[in-house]
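Engineer:
In my numbering, the protein residues as written are 1 to 268.
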């Protein structure tokens with residue numbers, strides 16, 4: 001058997017190593033970032049340093065995140081829609097119940113106020129011994145008699161309001177009652193058999209030094225029949241913001257004899 005020369009063995013071994021190396025060597029890869037081609041075994045491009053697998057991983061991660069976010073949003077919207085559908089009838093019922101309760105409370109408050117005002121404004125009637133002597137008497141005598149009858153009216157109202165204070169339905173100390181012809185600024189003619197008066201049961205004086213500037217107290221409306229010696233009066237509760245005591249119409253209608261905004265009745 002002939003032995004090959006040593007040089008042939010070396011060449012054969014070199015070829016074998018080259019073939020094995022070529023079989024095991026990595027394939028050529030192209031960088032997605034810079035486009036360079038390389039057979040390097042590293043995970044990054046030897047030219048720009050960009051990892052070969054980053055783009056794909058990032059792309060897959062972004063898509064997955066978007067998908068998860070989208071599904072999460074759909075879930076949240078679905079739950080919200082379900083809650084709205086479930087709670088809307090309850091909310092509407094609660095609103096309706098609250099509105100009805102408010103209306104009932106307001107109605108009860110108004111009814112209570114009306115009852116209170118109606119009780120406070122009830123009609124009071126009285127008779128006096130004095131009478132206007134009529135046109136056959138001197139004007140001075142008639143005027144003096146009428147002034148005395150108005151004084152009787154003031155004393156009757158004072159007694160009435162002091163009784164209210166004792167009952168707890170009025171407050172303050174009643175000093176006196178002051179009655180003036182109604183409407184304010186008018187005068188009562190001797191030819192008028194019946195006259196209208198706005199009165200105040202005074203419980204407070206408005207003063208400046210020793211001068212009295214005005215009075216405060218409980219307002220009353222009254223009528224006097226001078227010819228028959230008859231008196232009628234009612235405490236009134238004027239609407240808020242309608243000026244001084246006794247000048248505004250009450251919330252609750254008054255008895256006809258006391259209602260100075262209506263013509264006087266034929267008799268009382």
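Glycine residues also receive a C-beta, built at the ideal position from the N, C-alpha and C atoms.
1) For residue 257, collect the residues of the same chain with a Cβ closer than 7 Å to its Cβ; drop the 5 residues on either side in sequence, then sort them by chain order.
2) Measuring straight from C-alpha to C-alpha, what distance separates residue 143 and residue 208?
3) Would you mind working out which of 216, 199, 259 and 193 sits nearest residue 228, comparing C-alpha positions?
4) Here's a check: name, in chain order, each residue in its chain whose Cβ is nearer than 7 Å to the Cβ of residue 220, leaving out the five neighbours to either side.
5) Within the same chain, show all residues whose beta-carbon is closer than 7 Å to that of residue 188, passing over the 5 residues directly before and after it, in chain order.
6) Which residue marks the beginning of the alpha helix (DSSP H) containing residue 165, and which one marks its end?
7) Could you give the first and the last residue of the continuous beta strand (DSSP E) run that contains residue 220?
8) Which runs of the beta strand (DSSP E) fall wholly inside the region 62–149 and span at least 3 residues, in chain order?
9) Counting only the same chain and skipping the five closest in sequence on each side, list residues whose C-beta sits under 8 Å from that of residue 252.
10) So what does DSSP say about residue 43, is it helix, strand or coil?
11) Three or more C-beta pairs closer than 8 Å, one from the region 162–181 and one from the region 208–218: is that the case here?
12) Give the DSSP bridge partners of residue 204, in chain order.
13) Is the Cβ of residue 74 closer than 8 Å to any Cβ of chain C?
14) Let me know the secondary structure DSSP gives residue 11 once reduced to three states.
15) To the nearest angstrom, report how far apart residue 92 and residue 68 are at their CA atoms.
16) DSSP puts residue 234 in a beta bridge; with which residues?
17) Quick one: what's got a C-beta closer than 8 Å to residue 206's C-beta in the same chain, skipping five residues either side?
Structural biologist: By the coordinates alone:
1) 123, 223, 232, 265 and 268
2) 33 Å
3) 193
4) 157, 199, 201, 233, 234, 235, 236 and 246
5) 181 and 195
6) 139–167
7) Per DSSP, the unbroken beta strand (DSSP E) holding residue 220 starts and ends at 211–225.
8) 124–127
9) 114, 117, 118, 121 and 237
10) coil
11) Three or more Cβ pairs drawn from the region 162–181 and the region 208–218 lie within less than 8 Å of each other, which places the two stretches in contact.
12) Note: residue 204 is bridge-paired with 216 in the DSSP secondary-structure output.
13) The chain labelled as chain C is not found in the depicted structure, where only one protein chain is given.
14) In the structure shown, residue 11 falls within a helical segment according to DSSP collapsed to helix, strand and coil.
15) 36 Å
16) 221
17) 212, 213, 214, 215 and 216
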